[in-house]
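Residues 4 to 81, numbered by the numbering used here, are exactly what the sequence shown covers, in order.
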Amino acid sequence: MTDYKPVDCSLYSDYELAIMHRQPLRLSWRDTQGMIHIAVYRPLDMYTRQGEEFMVVMDTDRKESHIRLDYILSYNPA
4 MTDYKPVDCS LYSDYELAIM HRQPLRLSWR DTQGMIHIAV YRPLDMYTRQ
54 GEEFMVVMDT DRKESHIRLD YILSYNPA
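Structural data, given as structure tokens:
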């Protein structure tokens with residue numbers, strides 16, 4: 004069982020458009036330990052695993068991260 008809370012369809016669509024247009028996003032998100040991260044990322048892809056949705060992103064140092072969508076606190080085009 005997971006505590007994942009699905010995100011709104013319009014938000015999911017915004018993320019898909021950012022991926023398609025290669026639009027960098029300034030994301031604020033928390034990790035599994037509760038630490039808050041704020042940075043500019045290039046969204047690369049999204050996927051679902053075990054009922055949870057994730058966004059694959061790359062930061063400015065080319066480090067790849069997989070962010071659970073319901074852990075994203077805010078986003079803005081960068």
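Where a beta carbon is used, it is the ideal one built from N, C-alpha and C, also for glycine.
For clarity, every value in this text was computed on a predicted model and none was experimentally measured.
- In this structure, the beta-carbon distance from GLU19 to MET49 falls below 8 Å.
- Taking a C-beta distance under 8 Å as the contact criterion, ARG71 and TYR15 do not qualify as a contact pair.
- Secondary structure note for TYR18: its alpha helix (DSSP H) is the uninterrupted segment 12-23.
- In the DSSP assignment, PRO46 falls within the beta strand (DSSP E) that extends over 39-52.
- The DSSP-derived three-state label of TYR78 is strand.
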